[in-house]
Amino acid sequence: MVKKKEYKEWPPYAPGTHVHESDISEKKITFTWWEPEVQYSWSLGPAMSKFLMGLKEGKIYGIHCKRCKRIIVPPRMFCEYCFGPTEEWVELPDTGIIETFSISYLDPDARRIEEPILVGVVDLDGTPPHHGFMTYFGEMTKDEIKIGMRVKAVWKPENEREGSITDIKYFKPLKGGED
Amino acid sequence: MKEVAVIGAGMTLFRRHLKETGKELSFLATKMAMEDSGLEKDDIDMVVMGSAPDAFDGIHMKGENLIDGSAAVGKPYVRVFNGGGTGVFAPIAGWWHVASGVADICLVVCEEKMGNCYPHPQTAFRHIWDPILDRPLTPNLVWLFAMEMNRYMTVHGIKKEDIALVSVKNKRNAVGHPCAQLADPNITVEDVLNSEIMAWPVNRLDISPPSDGAAALIFCNRDIVHKFTDDPIYVAGTGWSIDSTMWTNRDLYFPRYVAQAAKMAYKMAKIENPRKEIDFAEPYDPFSYKELHHLEGLLLCKKGEAPILTREGVTQRDGDLPVCPSGGLLGVGNPIAATMGQKVCELYWQLKGVAGKRQIPGDPRIGVAQAWGDIMQMGTVILLRRG
Chain F
374 MVKKKEYKEW
384 PPYAPGTHVH
394 ESDISEKKIT
404 FTWWEPEVQY
414 SWSLGPAMSK
424 FLMGLKEGKI
434 YGIHCKRCKR
444 IIVPPRMFCE
454 YCFGPTEEWV
464 ELPDTGIIET
474 FSISYLDPDA
484 RRIEEPILVG
494 VVDLDGTPPH
504 HGFMTYFGEM
514 TKDEIKIGMR
524 VKAVWKPENE
534 REGSITDIKY
544 FKPLKGGED
Chain L
3 MKEVAVIGAG
13 MTLFRRHLKE
23 TGKELSFLAT
33 KMAMEDSGLE
43 KDDIDMVVMG
53 SAPDAFDGIH
63 MKGENLIDGS
73 AAVGKPYVRV
83 FNGGGTGVFA
93 PIAGWWHVAS
103 GVADICLVVC
113 EEKMGNCYPH
123 PQTAFRHIWD
133 PILDRPLTPN
143 LVWLFAMEMN
153 RYMTVHGIKK
163 EDIALVSVKN
173 KRNAVGHPCA
183 QLADPNITVE
193 DVLNSEIMAW
203 PVNRLDISPP
213 SDGAAALIFC
223 NRDIVHKFTD
233 DPIYVAGTGW
243 SIDSTMWTNR
253 DLYFPRYVAQ
263 AAKMAYKMAK
273 IENPRKEIDF
283 AEPYDPFSYK
293 ELHHLEGLLL
303 CKKGEAPILT
313 REGVTQRDGD
323 LPVCPSGGLL
333 GVGNPIAATM
343 GQKVCELYWQ
353 LKGVAGKRQI
363 PGDPRIGVAQ
373 AWGDIMQMGT
383 VILLRRG
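So the protein sequences, as listed, match chains F and L.
Sequential numbering from 374 applies to the first sequence in my numbering.
Sequential numbering from 3 applies to the second sequence in my numbering.
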């Protein structure tokens, strides 16, 4: 049999040298630094073009997968489940329920913020259960927001819309009697 | 298909910043696995590297950069990655190199250096979101898990106290791990609940820390395993599955892709009743709720039952189903791909009975490890057993 070192416990030691954040900020260790600069342009493709141009007009478009019998939103040109093409655009109401949410005290760089962001997924009316997109929620407090709450889109003014998911500012509570 | 044995494992210290480069960390983990198996570089036929998004290290196509530290120069070499799933997917790839008969001995090295990225590794996560629909909302990755945790809690009526128990258990388990970054022998549920809220319902102590680290494993064809050990540990089964990227089009309360991966692995291992037949588990626990979510995905309990098992102590190291005896990601640290160390290396050490202070009592015969990655869509599962 191959000869080898025997240890009773594994891992027998922990190789590596711990350095503290301050060792770097105070330049106590040697390091090098680089700040990349790069830009991208993404073409939207036919499905997202139609969807985002719809938002600019204040409309939410879904698309029909006839084989799976579901209205898909966000729309795509094919269905990832049956792998058939989708067809027939459908205009959807701008109402739904809160599928899930978070009350975030973190910005995109994980820096702390004072006023929490209410963010989550809206399950849109006119689609199968659990179909929707990520969005902000507003006109409700962190104590009021609940999964299952009925909500309605609050749109940016028409002249400020640019064909982006942010053309919907947020979803607000939908009170009884409103549509 | 060839039967495949594990004959060596190694891992480095896990810390927020390590002085060594990624290559050096790969070298240190590999050297330890070589010491364990008695192999030298020339004995290794092929090498698999596991390392998650390039953006952390800041080196594009970092697999190439890491070759020299991975005993791979002059050999067939491939890097695999599926985000957090990599720590179990890389050993799956190592297994298939040998199971296919293409290699007799395959080394798997997993490396991650998240400390390179400023101001925070989270900044690199900005680049994994869909650029058209998600990025204009300037999302933080913690949002995603907070949303999934909330959905899971709400559907089953789970309390945060019960989820906090996972952090307590794993950070306490990590006390016996020499590589651990966040072991804490005295942590309580109150500490977790009172730690600052990051993105409700996720508090700071519900999250595993970003880390630097590396781990290594060596796989060998059963036909030659007698040269290295008379107490071999075998790969009993592997499984992997991925769900749609459109995560806003499915109910996040249950990870069905993990269940698909688990079923594939159980079928290969001829396991019909996982809860009865599996002795211990190392599910992926980057967040406290994920251990519970994944125990359910691994079909080790019913949907919504994992918090109850946790509360009843079933998942403690001396419980009926020890879970994360290593200390997991919550206690040992989360250098994404290198968590192979607490997941798959730990199965190997536990099954060999050399886990020291972390050793689970009794005579564990079969264990399961699992990881989870990409945008809440990838499930990777491996089963190891004693010969």
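For each residue, glycine too, the CB sits at the ideal point set by N, CA and C.
Legend entry - Contact belief for M522 (chain F) with I470 (chain F) at Cβ below 8 angstroms, rounded distance in angstroms: The residue given as residue 522 (chain F) occupies position 149 in the first sequence. The residue given as residue 470 (chain F) occupies position 97 in the first sequence. Contact flag correct, Cβ pair sits at about 6 angstroms.
Legend entry - Per DSSP, the bridge partner or partners of G470 (chain L): A question about residue 470 (chain L) goes unanswered here, because the residues of chain L that appear run from 3 up to 389.
Inset, instruction - Mind checking the stretch 248 to 268 of chain L against chain F and listing, in chain order, the residues whose C-beta falls within less than 8 angstroms of any C-beta there? - result: M248, T250, N251, R252, D253, L254
Legend entry - Range covered by the beta strand (DSSP E) that runs through V50 (chain L): As a working mapping, residue 50 (chain L) is identified with position 48 in the second sequence. Element bounds for V50 (chain L): 48 to 52.
Inset, instruction - Determine the closest residue to D45 (chain L) out of L:G65, L:A73, L:L207, L:S53, with distance taken between C-alpha atoms. - result: As a first step, residue 45 (chain L) must be located in the second sequence, where it is residue number 43. That would be L:A73, whose Cα lies nearest to the Cα of D45 (chain L).
Inset, instruction - Say whether chain F places a C-beta atom closer than 8 angstroms to the C-beta of Q124 (chain L). - result: Here residue 124 (chain L) corresponds to residue number 122 of the second sequence, with the count starting at 1. With 8 angstroms as the cut-off, Q124 (chain L) counts as an interface residue toward chain F.
Legend entry - For L465 (chain F), the residue or residues it bridges with in DSSP: Position 92 of the first sequence, counted from the first residue, corresponds to residue 465 (chain F). In DSSP, L465 (chain F) forms a bridge with F:I433.
Inset, instruction - Can you have a look at F456 (chain F) and say buried or exposed, based on whether 16 or more other CB atoms are within 10 angstroms of its CB? - result: Here residue 456 (chain F) refers to the residue found at position 83 when the first sequence is read from its first residue. By the neighbour-count rule (16 or more Cβ atoms within 10 Å), F456 (chain F) is not buried but exposed.
Inset, instruction - Return yes when the Cβ of E163 (chain L) is within less than 8 angstroms of the Cβ of L254 (chain L), no when it is not. - result: Numbered from 1 along the second sequence, position 252 holds the residue referred to as residue 254 (chain L). Numbered from 1 along the second sequence, position 161 holds the residue referred to as residue 163 (chain L). Taking 8 angstroms as the Cβ cut-off, L254 (chain L) and E163 (chain L) do not qualify as a contacting pair.
Inset, instruction - Taking only beta-carbon positions, decide if F474 (chain F) is within less than 8 angstroms of chain L. - result: As a first step, residue 474 (chain F) must be located in the first sequence, where it is residue number 101. Judged by the 8 angstroms Cβ criterion, F474 (chain F) is in contact with chain L.
Legend entry - Sufficient close CB pairs (3 or more, under 8 angstroms) joining the stretch 98 to 111 of chain L to the stretch 435 to 452 of chain F: no
Legend entry - Cα-Cα separation between K555 (chain F) and K529 (chain F), rounded to whole angstroms: Because chain F here runs from 374 to 552, residue 555 (chain F) falls outside it and cannot be looked at.
Legend entry - Same chain, Cβ closer than 7 angstroms to G355 (chain L), five either side skipped, listed in chain order: Position 353 of the second sequence, counted from the first residue, corresponds to residue 355 (chain L). Here the set comprises Q361.
Inset, instruction - Note the first and the last residue of the continuous beta strand (DSSP E) segment covering I244 (chain L). - result: Residue mapping note: residue 244 (chain L) aligns to position 242 of the second sequence, counting from 1. First-last of the beta strand (DSSP E) with I244 (chain L): 235 to 244.
Inset, instruction - Would you mind stating whether A526 (chain F) and D467 (chain F) have Cβ atoms separated by less than 8 angstroms? - result: Taking the first residue of the first sequence as 1, we reach residue 526 (chain F) at position 153. Taking the first residue of the first sequence as 1, we reach residue 467 (chain F) at position 94. Yes. Within cutoff.
Inset, instruction - Flag L30 (chain L) as yes if its beta-carbon sits less than 8 angstroms from any beta-carbon of chain F, otherwise no. - result: Within the second sequence, residue 30 (chain L) is the residue found at index 28, counting from 1. For L30 (chain L), the answer is yes, since a Cβ of chain F falls inside 8 angstroms of its Cβ.
Inset, instruction - Give me the Cβ distance between G117 (chain L) and V82 (chain L), rounded to the nearest whole Å; I'm assuming they're in contact under 8 angstroms. - result: If you number the second sequence from 1, residue 117 (chain L) lands on position 115. If you number the second sequence from 1, residue 82 (chain L) lands on position 80. That belief does not hold up - the Cβ atoms of G117 (chain L) and V82 (chain L) are roughly 23 angstroms apart, past 8 angstroms.
Inset, instruction - Say whether chain F places a C-beta atom closer than 8 angstroms to the C-beta of L27 (chain L). - result: For this step, residue 27 (chain L) is matched to residue 25 along the second sequence. Yes, L27 (chain L) lies at the interface with chain F (some Cβ there is under 8 angstroms from its Cβ).
Inset, instruction - Starting from K292 (chain L), follow the beta strand (DSSP E) in both directions and report where the run begins and ends. - result: On the second sequence, position 290 is the one that residue 292 (chain L) refers to. No beta strand (DSSP E) holds K292 (chain L); the alpha helix (DSSP H) holding it covers 290 to 299.
Legend entry - CB-CB length for A263 (chain L) against C347 (chain L), believed under 8 angstroms: Position 261 of the second sequence, counted from the first residue, corresponds to residue 263 (chain L). Position 345 of the second sequence, counted from the first residue, corresponds to residue 347 (chain L). Contact doesn't hold; Cβ gap of about 20 angstroms is too wide.
Legend entry - N- and C-terminal bounds of the alpha helix (DSSP H) containing F544 (chain F): For this step, residue 544 (chain F) is matched to residue 171 along the first sequence. Note, F544 (chain F): premise wrong, no alpha helix (DSSP H); beta strand (DSSP E) at 541 to 546.
Inset, instruction - Rounded to whole angstroms, what's the CA-CA distance from E399 (chain F) to S213 (chain L)? Just pull it up for me. - result: What you label residue 399 (chain F) is simply residue 26 of the first sequence in a count that begins at 1. What you label residue 213 (chain L) is simply residue 211 of the second sequence in a count that begins at 1. The alpha-carbon atoms of E399 (chain F) and S213 (chain L) are separated by roughly 20 angstroms.
Inset, instruction - Return the Cβ separation of A101 (chain L) and K4 (chain L) in integer angstroms, given the expectation that the two are a contact with Cβ distance under 8 angstroms. - result: As a position in the second sequence, residue 101 (chain L) is number 99, starting the count at 1. As a position in the second sequence, residue 4 (chain L) is number 2, starting the count at 1. Correct: roughly 5 angstroms between the Cβ atoms.
Inset, instruction - Could you tell me which residues DSSP puts in a beta bridge with E284 (chain L)? - result: If you number the second sequence from 1, residue 284 (chain L) lands on position 282. L:A371, per the DSSP bridge assignment.
Inset, instruction - Return the residue from the list F:M426, F:V411, F:Q412 that minimises the CA-CA distance to G418 (chain F). - result: The residue labelled residue 418 (chain F) in the question sits at position 45 within the first sequence. Checking every option, the nearest Cα to that of G418 (chain F) belongs to F:M426.
Inset, instruction - Using the Cα positions of D498 (chain F) and L184 (chain L), report the straight-line distance between them to the nearest angstrom. - result: Taking the first residue of the first sequence as position 1, residue 498 (chain F) is located at position 125. Taking the first residue of the second sequence as position 1, residue 184 (chain L) is located at position 182. Each residue's alpha carbon lies about 45 angstroms from the other.
Inset, instruction - Please compile the residues from chain F whose C-beta is within a distance smaller than 8 angstroms of the C-beta of K4 (chain L). - result: The sequence position of residue 4 (chain L) within the second sequence is 2, counting from 1. Within 8 angstroms Cβ-Cβ: nothing; K4 (chain L) doesn't reach chain F, min ~20 angstroms.
Inset, instruction - Measure the CB-CB distance between S246 (chain L) and Q379 (chain L) and report whether it falls below 8 angstroms. - result: Position 244 of the second sequence, counted from the start, is the residue given in the question as residue 246 (chain L). Position 377 of the second sequence, counted from the start, is the residue given in the question as residue 379 (chain L). Against a cut-off of 8 angstroms, the Cβ pair of Q379 (chain L) and S246 (chain L) comes out as a contact.
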